[in-house]
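Undergrad: Residue 883 is where the sequence shown starts when you use this note's numbering, and the numbers rise one by one after that.
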Amino acid sequence: MKTIKTIISIFLISISLTSCSDNDENNEIDPLTELNMLTSLQANTHTLELYSAQSQFTVGYNELFIRIKDASDMYISDATISWNPVMHMTSMMHSCPKSEVSKTDDASVYSGFIIFQMPGNDTEYWDLTINYTVNGESYTVTEQIEVKAPLDGMQRVSVFTGSDNARYILAMMPLEPKVAVNDFSALLYKMESMMVFSPVINQTIALDPRMPSMGNHSSPNNVDLTYNTTEKMYEGKLALTMTGYWKLNLKLLNESGDVLKGEDITETNLSSSLYLEIEF
883 MKTIKTIISI
893 FLISISLTSC
903 SDNDENNEID
913 PLTELNMLTS
923 LQANTHTLEL
933 YSAQSQFTVG
943 YNELFIRIKD
953 ASDMYISDAT
963 ISWNPVMHMT
973 SMMHSCPKSE
983 VSKTDDASVY
993 SGFIIFQMPG
1003 NDTEYWDLTI
1013 NYTVNGESYT
1023 VTEQIEVKAP
1033 LDGMQRVSVF
1043 TGSDNARYIL
1053 AMMPLEPKVA
1063 VNDFSALLYK
1073 MESMMVFSPV
1083 INQTIALDPR
1093 MPSMGNHSSP
1103 NNVDLTYNTT
1113 EKMYEGKLAL
1123 TMTGYWKLNL
1133 KLLNESGDVL
1143 KGEDITETNL
1153 SSSLYLEIEF
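This is how it looks when you write it as structure tokens:
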């Protein structure tokens, strides 16, 4: 995806290309120096380090980077990795949308994303299982992680049931909003079971941003989100005419144009039941 490719390319641009093997010495320049280590898992004589541009595991979209260090403190470059986040609630367990884990431009760095739908609390928690293979040997490690609400309190993910009775998860991709017409993208998943989530393609996400504190005015030149098969996400344009709090009112429409969730904004209906939020 664009975000993964862009972030890791910036971090690696100053590193000259060299051949990599398990016996190579660690790079003199840490390719993840600009990121935050969220947790370090000790297991099977290995140390698994998880990094993010964020300071915490957060409700919504989380782009994560993984490195595996062996007992001699060398980073491993030939691993295959998969993962499975699970929320342990008082009456049930469920997973969440996630990507595969793949190598980046640096052979010892692996990346992917997880979309957490809800935070943990005192009695309900997330754990993350990582399965990995090194030199033909398979290993697994599971550790409880703390998933928190976004620091700014904004809603960046919406979980809802559509008029087709399907359960959906809609997550906003990272955005640095500015007073301009912004590129705006999102990921949409359908809940097939408590543990399986599949990407939804070929729908339309209608966009109507409003400023509730300013008479609920909208903005011109917004473009509804449609699915980009190359980037594998929904993309559109978000026009922001001033700084402040914006409610991004949305409607999800299927291929036939039927509304699965959300409503038009009118003088009597000031917000949609499907929305995301930003403030800048």
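Glycine included, every Cβ here is placed at the ideal spot set by N, Cα and C.
I need the straight-line Cα distance from Phe1042 to Ser922, nearest angstrom please.
TA: For the purposes of this step, residue 1042 is taken as the residue at position 160 of the sequence shown. For the purposes of this step, residue 922 is taken as the residue at position 40 of the sequence shown. About 33 angstroms.
Undergrad: What is the rounded straight-line gap between the Cα of His1099 and the Cα of Met1093?
TA: Walking along the sequence shown from the start, residue 1099 turns up at place 217. Walking along the sequence shown from the start, residue 1093 turns up at place 211. If I take the Cα positions, the gap works out to 6 angstroms.
Undergrad: Measure the alpha-carbon distance for Trp965 versus Met1036 and round it to whole angstroms.
TA: The residue labelled residue 965 in the question sits at position 83 within the sequence shown. The residue labelled residue 1036 in the question sits at position 154 within the sequence shown. One C-alpha to the other measures close to 27 angstroms.
Undergrad: Do Leu1010 and Ile1027 count as a contact pair if the criterion is CB distance below 8 angstroms?
TA: Translated into the one-based positions of the sequence shown, residue 1027 becomes position 145. Translated into the one-based positions of the sequence shown, residue 1010 becomes position 128. Contact: yes.
Undergrad: CA-CA distance, Ala925 and Lys1114?
TA: Translated into the one-based positions of the sequence shown, residue 925 becomes position 43. Translated into the one-based positions of the sequence shown, residue 1114 becomes position 232. Approximately 34 angstroms, taken between the alpha carbons.
Undergrad: Out of Leu1158, Thr927, Glu916 and Ala989, which one is the CA nearest neighbour of Val1039?
TA: Against the sequence shown, residue 1039 aligns to sequence position 157. For the residues Leu1158, Thr927, Glu916 and Ala989, the minimum Cα distance to Val1039 belongs to Leu1158.
Undergrad: How would you call Ser984, buried or exposed, if buried means at least 16 neighbouring beta carbons within 10 angstroms?
TA: By 1-based counting over the sequence shown, the position of residue 984 is 102. Looking at its Cβ environment, which holds fewer than 16 other Cβ atoms inside 10 Å, Ser984 is exposed.
Undergrad: Using the beta-carbon count (16 or more within 10 Å), is Glu1117 buried or exposed?
TA: Looking up residue 1117 in the sequence shown gives position 235. The residue is buried, with at least 16 neighbouring Cβ atoms inside 10 Å.
Undergrad: Which residue marks the beginning of the beta strand (DSSP E) containing Phe1162, and which one marks its end?
TA: As a working mapping, residue 1162 is identified with position 280 in the sequence shown. Segment: none, Phe1162 is in no beta strand (DSSP E) and carries neither H nor E.
Undergrad: Report all residues from its chain with a CB closer than 6 angstroms to the CB of Glu1137; omit the five preceding and five following residues, and keep chain order.
TA: Taking the first residue of the sequence shown as 1, we reach residue 1137 at position 255. These residues qualify, in order along the chain: Asn1084.
Undergrad: Just checking, does the region 1043-1056 make contact with the region 1013-1024 on the three C-beta pairs under 8 angstroms criterion?
TA: No, the region 1043-1056 does not touch the region 1013-1024.
Undergrad: Would you list the residues sitting across from Glu1070 in a DSSP beta bridge?
TA: Here residue 1070 refers to the residue found at position 188 of the sequence shown. The question names Glu, but residue 1070 is Leu in the sequence shown. According to DSSP, which records beta bridges pairwise, Leu1070 is partnered with Leu1052.
Undergrad: Any C-beta of chain D sitting closer than 8 angstroms to the C-beta of Leu1107?
TA: No chain D is part of this structure, which consists of one protein chain only.
Undergrad: Pick helix, strand or coil for Met1096, following the three-state DSSP scheme.
TA: If you number the sequence shown from 1, residue 1096 lands on position 214. Looking at Met1096 - three-state DSSP - the assignment turns out to be helix.
Undergrad: Would the beta-carbon of Trp1128 fall within 8 angstroms of that of Pro1091?
TA: Position 246 of the sequence shown, counted from the start, is the residue given in the question as residue 1128. Position 209 of the sequence shown, counted from the start, is the residue given in the question as residue 1091. Cβ atoms of Trp1128 and Pro1091: closer than 8 angstroms.
Undergrad: Mind checking Leu1152: buried by the 16 CB within 10 Å criterion, or exposed?
TA: Within the sequence shown, numbered from 1, the residue matching residue 1152 stands at position 270. Looking at its Cβ environment, which holds fewer than 16 other Cβ atoms inside 10 Å, Leu1152 is exposed.
Undergrad: Which residues in the same chain have their Cβ closer than 8 angstroms to the Cβ of Leu946, if we skip the five residues on either side of it in sequence?
TA: Within the sequence shown, numbered from 1, the residue matching residue 946 stands at position 64. Counting only Cβ-Cβ distances below 8 angstroms, and skipping sequence neighbours, we find Leu920, Leu932, Tyr933, Ser934, Ser993, Gly994, Phe995 and Ile996.
Undergrad: In the structure shown, what three-state DSSP assignment does Lys980 receive?
TA: To locate residue 980, count along the sequence shown from 1; it is residue 98. Correct three-state label for Lys980: strand.
Undergrad: Out of Thr986, Glu1058, Val941 and Met1055, which has the shortest C-alpha to C-alpha gap to Pro913?
TA: Residue numbering aside, residue 913 sits at position 31 when the sequence shown is read from its first letter. Comparing Cα positions, the closest option is Thr986.
Undergrad: Count the other C-beta atoms from every protein chain shown that fall within 10 angstroms of the C-beta of Asn1131, then say buried if there are 16 or more, exposed otherwise.
TA: For the purposes of this step, residue 1131 is taken as residue 249 along the sequence shown, with counting starting at 1. Asn1131 should be labelled buried.
Undergrad: Using DSSP's beta-bridge definition, name the partner residues of Ile950.
TA: What you label residue 950 is simply residue 68 of the sequence shown in a count that begins at 1. Leu930, per the DSSP bridge assignment.
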